[in-house]
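Trainee:
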Amino acid sequence: MNQLIHKYFGRSWMLAVYAFLYLPIVTLVIYSFNDSKLVTVWSHASFRWYYALMEDSDLIAAVWLSLKIAFLSALMAVFFGTFVAFALNRYKRFYGRTLLSSMASMPLVMPEVIVGLALLLMLVSVQHWLGFPQRGLFTILLGHALLGTAYAAVVVSSRLREMDGRLDEAAMDLGAKPFQVFTLVTLPLLIPALVSAFLLTFTLSFDDVVLSAFLSGPGYNTMPMVIFSRARLGLNPTINAVATVTILVVTFAVIASSFYTSHAERKRKREVALAYSDANQ
Amino acid sequence: MAKSIKKESVFWRGRSIVIGVPYLWFILLAAIPLLIVLKISMSTMEMASVSNMIDWSNGWPKLTLNFASYQFIGTDPLYLRTYLSSIKYALITTVICLAIGYPFAYFMARAPKHMQPTLLMLIMLPFWTSFLLRIYAWKTLLVDNGIINNMLMSIGVISEPMPMMNTPFSLVIGMVYSYLPFMILPLYANLSKLDVRFLEAAADLGTSPLKTFWLITVPLSKAGIIAGSMLVFIPAIGEYVIPELLGGPNTLMIGRVLWDEFFSNNDWPMASAVAVVMMLLILLPMAILNKYQSDQAEAKA
Chain A
11 MNQLIHKYFG RSWMLAVYAF LYLPIVTLVI YSFNDSKLVT VWSHASFRWY YALMEDSDLI
71 AAVWLSLKIA FLSALMAVFF GTFVAFALNR YKRFYGRTLL SSMASMPLVM PEVIVGLALL
131 LMLVSVQHWL GFPQRGLFTI LLGHALLGTA YAAVVVSSRL REMDGRLDEA AMDLGAKPFQ
191 VFTLVTLPLL IPALVSAFLL TFTLSFDDVV LSAFLSGPGY NTMPMVIFSR ARLGLNPTIN
251 AVATVTILVV TFAVIASSFY TSHAERKRKR EVALAYSDAN Q
Chain B
879 MAKSIKKESV FWRGRSIVIG VPYLWFILLA AIPLLIVLKI SMSTMEMASV SNMIDWSNGW
939 PKLTLNFASY QFIGTDPLYL RTYLSSIKYA LITTVICLAI GYPFAYFMAR APKHMQPTLL
999 MLIMLPFWTS FLLRIYAWKT LLVDNGIINN MLMSIGVISE PMPMMNTPFS LVIGMVYSYL
1059 PFMILPLYAN LSKLDVRFLE AAADLGTSPL KTFWLITVPL SKAGIIAGSM LVFIPAIGEY
1119 VIPELLGGPN TLMIGRVLWD EFFSNNDWPM ASAVAVVMML LILLPMAILN KYQSDQAEAK
1179 A
């Protein structure tokens, strides 16, 4: 009896939490097909706001800018994040290691308003001395890359920690130079982690509104900035349409990438097992 | 001999690049910007630009530190009230997330093993879809002529719209909604590793399930509780977007004050001083978290 209550209580609790998490998303999608100009009053189904979306040149330009920034900043973040992860995992003592690790976690714990303010004040002083950079794509890119580096470092670090150090040692014993060890042994093993770090930092950049608002200049509006400024004014049916498109793309990407990572993980385990069984023969 | 020296130098060069590149990156984009914030917080606004802290006009440097902004924060009750109310909302959010998230993580850790990855992905999925759009979605649900009010009125539960939007209620709902996954994930990681033999032993010795839960499960999951609470509390303090979209003008949050000082008042020293005080506020829970984690590591060693 007790077990039964336990079981059903547990299930209904979980169901309620999932409902809470998905209710806003589901209503957003449903009401994007609402013909009425009033977002919350259902009249009848139509694609009206999707047509409006296709003609919304401000929003389309903003989507392109966001995609560009997200792609480039994710590349930068994975590049620098991998360096951070290697520095902190491979070299256990060097002068200023604590400083590096706390600087690397700064963007994770500081509120975005502080990170945005700090970066902007720095860029303003640099511009004061050197005459560049102008606020725009490049400055937003720097901000997103900084935030992304911190997240990418966490993802790559956790992979590096659980990696078998003996493989590197074996390669070095067989005469590989450090750089060869990296490109031929470590990097291929890291690829799944690099892919998930890229996806995570891409999403963070594509979603960010606070850093972009601080760092952008006139004429450079990212998609979240446009959505934010419209949402501030009130409800707007085109936002529902954008949301539905975004949600579809993201859901598809998340499911695809989780298939990819589980597949890559299985493949890696199989290869490692194979290598060990070869070695034991 | 010569070869080994060469190998050493390759090693050292590799090492200095691997350490130097991220060092330079973070010095330029994290350390220096924060120092500039500190510097500007101690200067004043002069003719639409910030005053120089170091004055060379007499031929030698003369350092002027100006604490006017801090003095203002200390004396104007609005700032104190805003800091306190940020802490209050962050605390309420953390407690509600814990109350919802703990049972959830507990039941998820006890769900059939083959279902757990899917259950976990379902928690992560909303987290990947735009945060901003999900907050906007709550706005469509909560406004006076919003979806919840319309539904309740059409089935006759209420005759007039309930005011939910632009209240502390809508703010807290938005924050709980956004930060719940941050609470659930560390709790689940912790609870799924819990050794069930402890629970079985307690049951064998005749302890009631509720007592077992309070005396064994909760203390053993303390690390998860602390990690989850900090992951919710720390970002909640400085939140800007949620109070701006859902909180209305009357819910005071410090992130919005910083934003307004900077964008509306153009008062950079004031915005910087607000930021510095906010950083101090965040460093305290951070220090608690760090100390707890290092104590745990020591206890394990």
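Note that the protein sequences, when read in sequence, are chains A and B.
Numbering-wise, the working numbering puts 40 at position 30 of the first sequence, and it's gapless, one number per residue.
Numbering-wise, the working numbering puts 980 at position 102 of the second sequence, and it's gapless, one number per residue.
Glycine residues also receive a C-beta, built at the ideal position from the N, C-alpha and C atoms.
#1: Leaving aside the five residues before and after S1107/B along the sequence, list all residues of the same chain whose C-beta is less than 7 Å from its C-beta, in chain order.
#2: Candidates S1086/B, P1147/B, I897/B: which alpha carbon is nearest K102/A's?
#3: A1015/B by DSSP, collapsed to three states: which one?
#4: Exposed or buried, which one is W74/A when buried takes at least 16 other CB atoms within 10 Å?
#5: Could you compute how far the alpha carbon of V164/A sits from the alpha carbon of L1011/B?
#6: Check each residue of the stretch 1003–1017 of chain B: if its Cβ is closer than 7 Å to any Cβ of chain A, include it; give the result in chain order.
#7: Against V6/A, what residues of chain B qualify as contacts under a CB-to-CB distance less than 7 Å, listed in chain order?
#8: Taking DSSP as the reference, what is the three-state secondary structure of M1181/B?
#9: Thinking V219/A and V1135/B are a contact (beta carbons under 8 Å), I'd like their distance in whole angstroms, please.
#10: Going straight from the alpha carbon of M879/B to that of F269/A, what length do you get?
#11: Using a Cβ cut-off of 8 Å, pull out every chain B residue sitting near S268/A, in sequence order please.
#12: Which residues, in order along the stretch 900–911 of chain B, keep a beta-carbon less than 9 Å from a beta-carbon of chain A?
#13: Can you tell me which residues form a DSSP beta bridge with N44/A?
#14: By a C-beta neighbour count over all protein chains shown, 10 Å radius and 16 as the cutoff for buried, is M945/B buried or exposed?
#15: Enumerate in chain order the residues of its own chain whose CB-to-CB distance from G1126/B is below 6 Å, with the five nearest sequence positions on each side excluded.
#16: Just to confirm, are I1115/B and P121/A a CB contact at a threshold of 8 Å?
#17: Does the beta carbon of I1166/B sit closer than 8 Å to a beta carbon anywhere in chain A?
#18: Using beta carbons (cut-off 8 Å, strictly below), is R242/A in contact with chain B?
#19: With a floor of 4 residues, list each alpha helix (DSSP H) that falls wholly inside the stretch 1104–1147 of chain B, ordered by position along the chain.
#20: Could you check if T953/B is buried or exposed, using at least 16 other CB atoms within 10 Å of its CB as the buried criterion?
#21: Examine the Cβ distances between the stretch 202–222 of chain A and the stretch 77–92 of chain A and report whether three or more of them are shorter than 8 Å.
#22: Quick one: is Y161/A buried, meaning 16 or more other Cβ sit within 10 Å of its Cβ, or exposed?
#23: How many Å lie between T960/B and P1113/B at the Cα?
#24: For chain A, is any of its Cβ atoms less than 8 Å away from the one on M1040/B?
#25: Just to make sure I have the definition right: I need the residues of chain B whose C-beta is within less than 7 Å of the C-beta of V219/A. Which are they?
#26: Could you work out which residues of chain A lie near M1157/B, taking near to mean beta carbons separated by less than 8 Å?
#27: Below 7 Å on C-beta distance, what does A1153/B contact in chain A?
#28: My understanding is that V194/A touches A186/A, with C-beta atoms under 8 Å, so please give their C-beta distance in whole angstroms.
#29: Which value, in whole angstroms, describes the spacing of the CA atoms of F1111/B and I1103/B?
#30: Within the 8 Å Cβ cut-off, does M24/A reach chain B?
#31: Any contact between the stretch 1087–1100 of chain B and the stretch 1019–1036 of chain B? By contact I mean 3 or more CB pairs, one from each, below 8 Å.
#32: Pull out every residue of the stretch 193–215 of chain A whose Cβ sits closer than 9 Å to any Cβ of chain B, in chain order.
#33: Report the three-state DSSP secondary structure of M86/A (helix, strand or coil).
#34: Let me make sure I understand the geometry here. Which of N250/A, A283/A, L152/A has the alpha-carbon closest to that of F57/A?
#35: Under the three-state reduction of DSSP, which class applies to M879/B: helix, strand or coil?
#36: I'd like to know whether the C-beta atoms of L907/B and L152/A end up nearer to each other than 8 Å.
Mentor: Inspection of the coordinates gives the following:
#1: Closer than 7 Å at Cβ, skipping near neighbours: T972, L976.
#2: Nearest neighbour of K102/A by Cα position, chosen from S1086/B, P1147/B, I897/B, turns out to be I897/B.
#3: Under the three-state reduction of DSSP, A1015/B is assigned to helix.
#4: With a threshold of 16 other beta carbon atoms within 10 Å, W74/A falls short and is exposed.
#5: It is roughly 26 Å from the alpha-carbon of V164/A to the alpha-carbon of L1011/B.
#6: Residues of the stretch 1003–1017 of chain B with a C-beta less than 7 Å from any C-beta of chain A: L1003, P1004, W1006, T1007, S1008, F1009, L1010, L1011, R1012, Y1014, A1015, W1016, K1017, listed in chain order.
#7: Any answer about residue 6/A is impossible in this case: the structure gives chain A only from 11 up to 291.
#8: What the structure shows of chain B is the stretch from 879 to 1179, and residue 1181/B is not part of that stretch, so it cannot be assessed.
#9: Contact between V219/A and V1135/B does not hold, since their C-beta atoms are separated by about 18 Å, which reaches or exceeds 8 Å.
#10: Low per-residue confidence applies at M879/B: pLDDT is 44, beneath 50, and the placement is therefore not dependable, though the value from the model is reported in the following sentence. The C-alpha of M879/B lies about 51 Å from the C-alpha of F269/A.
#11: Within 8 Å Cβ-Cβ: M999.
#12: Of all residues in the stretch 900–911 of chain B, P900, Y901, W903, F904, I905, L906, L907, A908, A909, I910, P911 have a Cβ within less than 9 Å of some Cβ in chain A.
#13: For N44/A, which the question treats as bridged, DSSP gives the partners A55/A.
#14: Inspection of the sequence shows that residue 945/B is occupied by Phe rather than by Met. It is exposed - the Cβ of F945/B has fewer than 16 other Cβ atoms within 10 Å.
#15: Result list for G1126/B: N1044, in chain order.
#16: For the 8 Å CB-CB criterion, I1115/B and P121/A form a contact.
#17: At a cut-off of 8 Å between C-beta atoms, I1166/B does not count as an interface residue with respect to chain A.
#18: For R242/A, the answer is yes, since a Cβ of chain B falls inside 8 Å of its Cβ.
#19: Counting whole runs of 4 or more residues, the stretch 1104–1147 of chain B contains the alpha helix (DSSP H) stretches 1132–1141.
#20: Looking at its Cβ environment, which holds fewer than 16 other Cβ atoms inside 10 Å, T953/B is exposed.
#21: The answer is yes - the stretch 77–92 of chain A touches the stretch 202–222 of chain A, with three or more Cβ pairs under 8 Å.
#22: Burial state of Y161/A is buried, judged by a 10 Å Cβ sphere holding 16 or more other Cβ atoms.
#23: The straight-line gap separating the alpha-carbon atoms of T960/B and P1113/B is approximately 16 Å.
#24: It does not: the Cβ of M1040/B has no partner Cβ on chain A nearer than 8 Å.
#25: Going along chain B in sequence order, the residues near V219/A (Cβ under 7 Å) are L1010, V1119.
#26: Neighbourhood of M1157/B in chain A, by CB distance below 8 Å: M120, I124, in chain order.
#27: The contacting residues are I124, L127.
#28: One detail in the question is off: residue 194/A reads as Leu in this sequence, not Val. The pair is a contact, with the Cβ atoms about 7 Å apart (cut-off 8 Å).
#29: Whole-angstrom Cα-Cα distance: 12 Å.
#30: Cβ-Cβ to chain B under 8 Å: yes for M24/A.
#31: The answer is no - the stretch 1019–1036 of chain B does not touch the stretch 1087–1100 of chain B, with fewer than three Cβ pairs under 8 Å.
#32: With the criterion set as a beta carbon lying under 9 Å from some beta carbon of chain B, the members of the stretch 193–215 of chain A are L209, L210, T213, in sequence order.
#33: DSSP, read as helix, strand or coil, puts M86/A in helix.
#34: The residue from N250/A, A283/A, L152/A with its alpha-carbon nearest to that of F57/A is N250/A.
#35: Here the model assigns M879/B a pLDDT of 44, short of 50, so the residue's position is not dependable and the matter cannot be decided.
#36: L907/B is a Cβ neighbour of L152/A, given a cutoff of 8 Å.
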